[in-house]
Structure formats: C-alpha cells, structure tokens
Amino acid sequence: MSDSTTLAVVKMDGELDIGRRAEIRAALAVDGHPSGVLVDFAAVSYADSSAISELLRFRNDLNRRGLPVALLIQSPQFKRLLEYAGVHEAFAVFDERAAALTYLGNAAS
Amino acid sequence: MSLPRSAAAPARPLLRSLAVPILVLVLVVPILLGGGYVVSRVLRQSFGNSDARRAARTLNFTLLKDQLDEETGVRGFTSIPDPAFLDPYAAAKRDFPVKVAKLRERLTVLAIPGAGALLDDVVAVNGEWLAHVAAPLLANPNRAEARVLQFRGKALIDRFRRDSEELDAALVAREQGDNRALQSAIDNVSKLVFFAVSLIVLLAAAAAAAQSRLAARLEAARRRAESEARANLELRTAFETEKRIADTLQDAFAQRPLPVVPTLVFSATYIPATDETKVGGDWYDAVELAKGRVLFSLGDVEGHGIEAAVNMSRVRQALISAALIDADPAAVLRRVNDYLQSAGRMATAVAGYADAATYEFVYATAGHPPPLLLQPGRGPMLLECGGLPLGVLENCAYRTRRIQAVPGAVLVLYTDGAVEHSRDVLEGEALLVQAARTALEKNVTDLAASIRTEIFGRRQVGDDVAILTIGFAPGETTRMTFAADNTHGTVVSGPRGVGPKPSPASFGVAA
Numbered sequence: 731m732s733d734s735t736t737l738a739v740v741k742m743d744g745e746l747d748i749g750r751r752a753e754i755r756a757a758l759a760v761d762g763h764p765s766g767v768l769v770d771f772a773a774v775s776y777a778d779s780s781a782i783s784e785l786l787r788f789r790n791d792l793n794r795r796g797l798p799v800a801l802l803i804q805s806p807q808f809k810r811l812l813e814y815a816g817v818h819e820a821f822a823v824f825d826e827r828a829a830a831l832t833y834l835g836n837a838a839s
Numbered sequence: 169m170s171l172p173r174s175a176a177a178p179a180r181p182l183l184r185s186l187a188v189p190i191l192v193l194v195l196v197v198p199i200l201l202g203g204g205y206v207v208s209r210v211l212r213q214s215f216g217n218s219d220a221r222r223a224a225r226t227l228n229f230t231l232l233k234d235q236l237d238e239e240t241g242v243r244g245f246t247s248i249p250d251p252a253f254l255d256p257y258a259a260a261k262r263d264f265p266v267k268v269a270k271l272r273e274r275l276t277v278l279a280i281p282g283a284g285a286l287l288d289d290v291v292a293v294n295g296e297w298l299a300h301v302a303a304p305l306l307a308n309p310n311r312a313e314a315r316v317l318q319f320r321g322k323a324l325i326d327r328f329r330r331d332s333e334e335l336d337a338a339l340v341a342r343e344q345g346d347n348r349a350l351q352s353a354i355d356n357v358s359k360l361v362f363f364a365v366s367l368i369v370l371l372a373a374a375a376a377a378a379q380s381r382l383a384a385r386l387e388a389a390r391r392r393a394e395s396e397a398r399a400n401l402e403l404r405t406a407f408e409t410e411k412r413i414a415d416t417l418q419d420a421f422a423q424r425p426l427p428v429v430p431t432l433v434f435s436a437t438y439i440p441a442t443d444e445t446k447v448g449g450d451w452y453d454a455v456e457l458a459k460g461r462v463l464f465s466l467g468d469v470e471g472h473g474i475e476a477a478v479n480m481s482r483v484r485q486a487l488i489s490a491a492l493i494d495a496d497p498a499a500v501l502r503r504v505n506d507y508l509q510s511a512g513r514m515a516t517a518v519a520g521y522a523d524a525a526t527y528e529f530v531y532a533t534a535g536h537p538p539p540l541l542l543q544p545g546r547g548p549m550l551l552e553c554g555g556l557p558l559g560v561l562e563n564c565a566y567r568t569r570r571i572q573a574v575p576g577a578v579l580v581l582y583t584d585g586a587v588e589h590s591r592d593v594l595e596g597e598a599l600l601v602q603a604a605r606t607a608l609e610k611n612v613t614d615l616a617a618s619i620r621t622e623i624f625g626r627r628q629v630g631d632d633v634a635i636l637t638i639g640f641a642p643g644e645t646t647r648m649t650f651a652a653d654n655t656h657g658t659v660v661s662g663p664r665g666v667g668p669k670p671s672p673a674s675f676g677v678a679a
C-alpha cells in the first residue's frame with residue numbers, strides 16, 4: 731500500500747463492477763497519514779456505476795482529510811466512462827505515472 | 169416446509185398413550201379374574217366343608233348318645249327285667265348303622281386323615297359290645313358273670329367315648345384349619361386386590377402423564393404448524409406485495425404518457441434487466457410545462473429492485489418539482505443533488521427542455537452518458553456531458569448546454585445500458601450512433617424501440633435500458649438524410665477521452 735516515503739498507492743486492474751464492490755472498497759480504504767494517494771487504475775478497462783460511486787465516495791473521504799489524489803488512467807474506454815461521470819472534474823487525472831507523481835509531490839510540498 | 173413433519177410427530181405418543189389402557193387390560197383384568205375365581209372357590213369349599221363338619225360332629229355325638237342309650241337300656245333291663253327298658257336300646261341299635269353310613273359319607277367328603285379308622289373302631293366297639301356284652305346280658309340278665317360283663321361293657325363304652333372325642337377333636341381341628349385357609353385366601357386376595365388397585369392407579373397416573381405430555385406435544389405441534397403457516401402466509405403476502413408493487417411501478421413506468429405537442433415528436437422504450445428483479449432504477453419523463461416547452465429527463469438510480477424503483481420515483485418527482493421552480497437545467501440538477509444528499513443513493517441523469525417555438529434543446533447532465541443529436545444533413549453528434557452523479561457530493565455545480573437545432577433534428581437520450589452492454593463504451597457509442605442513424609433513415613414511427621432493436625436485436629439485455637427521443641417535426645422541405653458520422657470531429661474529439669476538450673464553437677454548442 732505504501733510507496734516511497736509516505737505516498738499511498740491504490741492499484742487495481744481489470745473490470746471493476748458490482749461483483750468486486752467489497753474488494754474495491756477495501757482497496758480504497760487508505761488509513762494512516764500519507765502525504766497523498768496515487769490511484770493506479772492504468773490496467774482498469776471498465777467500471778460500472780457502483781465502482782464509480784465507490785471512487786467518488788473515496789474522493790469525498792480524502793477531500794475531508796485534505797489528502798491530494800492523483801488518478802492514473804490509460805484505457806480510453808475507462809477514461810470515457812469517467813468523463814460521463816464527471817470524475818475528471820473531481821480528480822486530477824493523468825495518463826502517465828511520472829506526471830501523477832510530480833503532481834502529488836507538488837501538492838504535498 | 170415442515171408441516172408434514174409436525175403433523176406426523178404425534179403418531180408415536182398416541183401409540184404410547186394407547187399402550188397404557190392395553191396394559192391395564194392385559195395385566196389387571198386377568199389378575200382380578202383369577203383372584204375372584206380363587207376366592208369364590210375357597211369360599212365355596214369353605215362353606216361346603218363347614219356344613220359337612222357340622223353334620224359330622226352332630227352324627228358323631230348322636231352315635232355316642234345312641235351307644236350310651238343302648239348301654240343304659242341293657243343295664244336297666246339287667247336290674248329290672250322290664251322290656252320297656254329295651255325301647256331306647258332297640259331304636260338305637262336299629263338307627264346306628266344308618267347314622268354310621270351318613271357319618272362315613274361326611275368324613276369321606278371332608279377327607280380328614282385317621283377319621284375313617286376312628287369310625288371303623290367305633291363300629292367295631294359297638295359290634296363287640298352288642299355281641300359280647302349286650303347279647304349275653306339280654307339272654308340271661310341274672311347270670312353270675314353279669315357284673316363282669318357290665319364291667320367289660322363299661323370298658324368298651326369308654327373306648328367308644330375316646331374314639332368319639334378324638335373324632336370330634338379332629339373335626340374341630342379341621343374347622344380351624346379350614347378357617348385359617350379361608351383367612352389366608354382372603355388375605356391373599358386382599359393383597360391381590362391391593363396390588364391390582366395400586367397397579368391401576370400407577371398405570372392411570374402414567375396414562376394421565378402420557379396424556380398430558382401428548383397433549384402438550386400436540387399443542388406445541390399445533391402452535392408450530394400455526395406459526396409456520398403464519399410465517400409462510402406472511403412471506404407469501406410480503407412476496408406478493410413486493411411483486412404487486414414492482415409490477416405496479418413497472419406498469420406506471422411503462423405507461424408514462426408522452427406529451428402530444430405540435431411540431432414535437434416523442435418516442436420512448438424501456439427494457440427491464442433480465443434478472444429476477446424486473447424493475448430497475450432507469451426512468452424517462454417528458455412533461456409539457458408551458459405551451460410548446462417540454463421538460464425531459466432520463467436517468468438511472470443506482471441499484472435494482474423496489475428500492476431502486478422507489479428512489480427513481482423520488483428523483484423523477486424531484487426533477488419535475490425543481491423544474492417548476494427553475495428554468496435552468498443546471499440549477500434543476502443542483503436542487504435535485506442537494507435533495508438527494510440525505511438518500512445515500514447515487515443517480516445519473518440528463519435533464520432539459522425542448523422548445524417547439526425556437527427549435528432549441530437546453531440540457532445538463534449529472535454523471536450521465538452524452539445525449540446524441542441527429543440533424544438532417546449533418547453527422548450524428550454525441551454532445552458534451554460531465555458533472556458528478558447526483559447524490560454524491562454536496563454543492564455540486566452542473567453546466568447548462570444550449571443546442572440550436574433545426575427542423576427534423578432528433579435528440580436521443582439513453583441510459584448506460586445502451587452503450588455499456590459490451591463493457592467497451594467506445595464500441596457501444598459507435599453502435600448506438602449507427603443504430604440511431606439506421607433507425608431514423610427507416611422513418612419508423614417508434615424511433616426509440618427501433619434503436620433498441622438495432623442495438624440489441626434478439627440479444628438479452630443484462631442491464632436496464634431506457635431510451636427517449638425528442639424530435640422537432642421536419643419542415644416542408646427537410647430531407648431525412650444524414651451526413652457521414654462526424655462524431656469524432658465534433659463532440660468527442662481527438663484520441664478518445666484523452667486530450668484537449670473540443671471547442672464548443674466547432675459543433676454549435678453554446679456553453
């Protein structure tokens with residue numbers, strides 16, 4: 731879960747649907763006091779409304795805790811789904827891991 | 169269901185409770201009958217013996233008295249030879265054998281050991297006395313040895329008396345023995361009766377206990393069956409209620425009337441998900457709020473089943489209520505989002521207005537797939553979308569987008585089931601665009617159903633799918649042909665999803 735110094739990384743792959751809801755919830759349960767969270771969904775190709783709902787609730791939680799989040803997306807299909815959901819408005823979305831890390835580094839400093 | 173089990177359970181207790189009366193019959197009745205027989209036999213024998221004993225003792229005394237009478241008569245005659253003295257002698261001598269025979273008969277019945285021998289001796293003494301004392305004395309009362317004979321006679325009489333007393337003692341002893349036997353029989357029968365009564369009482373108590381246990385068990389079984397039946401009824405009622413509610417909701421959904429407005433054309437379709445829950449969270453609405461100005465909304469509430477349907481109904485009504493207050497779609501969605509914060513359910517929606525007078529579509533989306541616009545002579549356009557789903561974040565801002573359309577333009581609204589069936593949403597969008605264009609060119613009356621058929625054919629639909637189309641009636645000269653797919657060049661630009669947003673000016677959207 732923990733990356734480099736104090737960065738938390740959430741990594742999932744495949745298709746995120748209601749059948750994996752508990753798994754998604756567990757993966758997104760970031761505890762402790764990381765400097766930021768990298769949600770690495772580079773290998774995710776699909777998310778249904780329940781998964782997106784979990785992602786948005788997760789965003790709410792981190793907002794309350796004042797933690798910066800970077801969302802790493804590479805699948806165009808998944809990206810399009812997140813556009814439907816307005817997720818690109820709520821998250822800092824990146825298609826390169828380096829850019830995401832830079833964003834989180836800047837946010838933490 | 170376990171009703172048959174509870175109905176069969178009392179069978180064994182029933183047998184057990186029947187076993188008790190059967191035991192009573194088998195054990196107690198023979199005991200009482202046997203005891204009764206023994207008592208009656210002992211009593212009968214005892215009474216019979218008692219008569220025989222009494223008669224025997226009387227006869228025994230009579231024999232002794234006869235012997236004494238004979239002796240007295242002979243002695244008298246020897247002193248004074250008057251034949252009158254011999255009357256008792258003669259009578260006694262005549263009756264003696266008859267009485268002996270009667271006594272012997274009684275003694276035979278009583279079967280007293282030694283009694284026969286005593287009687288034999290009595291008869292012998294009497295015979296000897298008659299032959300060797302009485303006869304010589306009667307023949308010659310004055311003979312010299314008369315005193316000797318009389319002395320001998322006395323000895324014989326004494327022997328007779330001893331035999332008689334001995335016989336009487338034996339009869340008395342026998343009477344006491346019989347009484348003891350009778351007493352013992354009575355005692356035994358009393359014990360038997362006591363035992364039988366105790367047994368009956370015990371068995372009756374056991375039967376009562378078994379009866380009460382059986383009654384308790386039957387009562388418990390009855391209660392169990394009753395509660396099971398009640399629970400089943402409640403379950404069935406609940407199931408039927410849920411089914412009725414679901415059916416009613418679905419009917420209400422399916423029969424939602426579309427407004428009839430000059431120059432506007434509506435069509436709609438809804439396909440429930442193929443799983444057991446028929447009613448999903450998808451909805452569509454078109455309501456004429458002012459003359460020629462129609463509110464449209466279409467969306468999807470998270471989840472399935474009655475709960476989703478109820479939430480969906482809330483969102484629909486909230487949308488209509490908000491639209492009555494606010495003319496701006498973004499403001500409408502914002503109001504609904506605030507309203508939904510307490511519900512804890514997410515919903516995606518597209519809502520807006522179609523104006524028959526100005527050929528304008530105004531809409532806003534909240535986490536919802538983009539509306540599809542088809543206009544004569546132009547390529548299909550997937551319009552802009554975005555905005556967080558409703559009910560997720562407080563104070564969300566949504567964007568109102570305005571489309572200046574032309575006669576014959578059609579706006580296609582749909583839920584995610586229409587584009588996410590293959591889980592490749594880009595492929596889904598392309599299929600939808602193609603289906604819409606094909607359906608429109610066929611000039612069918614029910615455009616929404618036609619699009620659905622084009623997309624799904626005879627395939628099963630995994631998720632709920634709702635499609636609503638709103639069209640401006642074509643003008644006199646409008647030709648229903650559409651340019652090649654220019655989706656890529658308009659709304660969703662560049663490499664899919666990644667890259668700069670398309671400029672609103674390039675596809676005529678005023679932000």
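Chains as they are written, first to last, in our numbering: chain C, 731 to 839; chain P, 169 to 679. Even for Gly, the Cβ is constructed at its ideal location relative to N, Cα and C. From a predicted model like this one, the values you see are computed outputs, not experimental measurements.
In the three-state scheme derived from DSSP, where H, G and I count as helix and E and B as strand, residue 760(C) is classed as coil. Sequence-distant partners of residue 333(P) (beyond 5 residues in either direction) whose C-beta falls short of 7 Å from its own C-beta are missing from its chain. Close to chain P, meaning a Cβ-Cβ distance shorter than 7 Å, are the following residues of the region 792-822 of chain C: 806, 807, 809, 810, 811, 813, 814, 815, 816, 819, 820. For residue 807(C), the three-state secondary structure derived from DSSP is helix. For residue 745(C), at least one C-beta of chain P is nearer than 8 Å to its own C-beta. Within the region 453-482 of chain P, the complete beta strand (DSSP E) runs of at least 3 residues fall at 461-472.
Taken in chain order, the whole beta strand (DSSP E) runs of length 3 or more contained in the region 566-604 of chain P are 569-572, 578-582. Exclusion of the five residues before and after residue 566(P) leaves 498, 501, 502, 532, 534, 555 as the residues of its chain whose Cβ lies within less than 7 Å of its Cβ. In this structure, DSSP gives residue 313(P) a state outside helix and strand, which the three-state scheme calls coil. With distances taken between CA atoms, residue 546(P) lies nearest to 576(P) out of 278(P), 594(P), 245(P), 576(P).
CA-to-CA, the gap between residue 604(P) and residue 622(P) works out to about 8 Å.
The beta carbon of residue 833(C) does not come within 8 Å of any beta carbon belonging to chain P, so the residue lies off that interface. Ranking 231(P), 592(P), 619(P) by CA distance to the CA of residue 582(P) puts 619(P) first. The beta-carbon of residue 561(P) is placed less than 8 Å from the nearest beta-carbon of chain C.
By a beta-carbon distance limit of 8 Å, residue 586(P) does not contact residue 530(P). Their separation comes to about 22 Å. When Cβ-Cβ separations below 8 Å define contact, residue 556(P) makes contact with chain C. In the three-state reduction of the DSSP assignment, residue 826(C) falls in the coil class. Per DSSP, reduced to three states, the secondary structure at residue 298(P) is helical.
Classified as exposed, residue 611(P) has fewer than 16 neighbouring CB atoms from the shown chains inside 10 Å of its CB. In the structure shown, residue 775(C) adopts extended strand secondary structure according to DSSP, grouped into three states. Using a CB distance cut-off of 8 Å, residue 786(C) counts as an interface residue toward chain P. C-alpha of residue 353(P) to C-alpha of residue 363(P): approximately 15 Å in a straight line. Judged by DSSP secondary structure, residue 533(P) falls within the beta strand (DSSP E) whose first and last residues are 528-534.
Considering only 593(P), 370(P), 489(P), the residue with the shortest C-alpha distance to residue 536(P) is 593(P).
When DSSP reads this structure, residue 741(C) sits in a beta bridge with 770(C).
Between residue 836(C) and chain P, the shortest Cβ-Cβ separation is not below 8 Å. The Cβ-Cβ distance between residue 480(P) and residue 462(P) does not fall below 8 Å.
Three or more beta-carbon pairs separated by less than 8 Å link the region 254-273 of chain P to the region 222-232 of chain P, which places the two stretches in contact.
Counting along the chain, the unbroken beta strand (DSSP E) around residue 523(P) starts and ends at 515-523.
The criterion of a C-beta distance shorter than 8 Å is satisfied by residue 617(P) and residue 437(P). Within the same chain, Cβ atoms closer than 6 Å to the Cβ of residue 223(P) are found at 274, the five residues on either side in sequence being excluded. Closer than 8 Å at the C-beta level to chain C, one finds these residues of the region 503-518 of chain P: 514, 516. Using beta-carbon distances, residue 470(P) counts as an interface residue toward chain C, with a partner under 8 Å.
DSSP places residue 618(P) inside the alpha helix (DSSP H), whose first and last residues are 615-624. Rounded to the nearest angstrom, the gap between the Cα atoms of residue 642(P) and residue 518(P) is 24 Å. C-alpha of residue 204(P) to C-alpha of residue 351(P): approximately 15 Å in a straight line.
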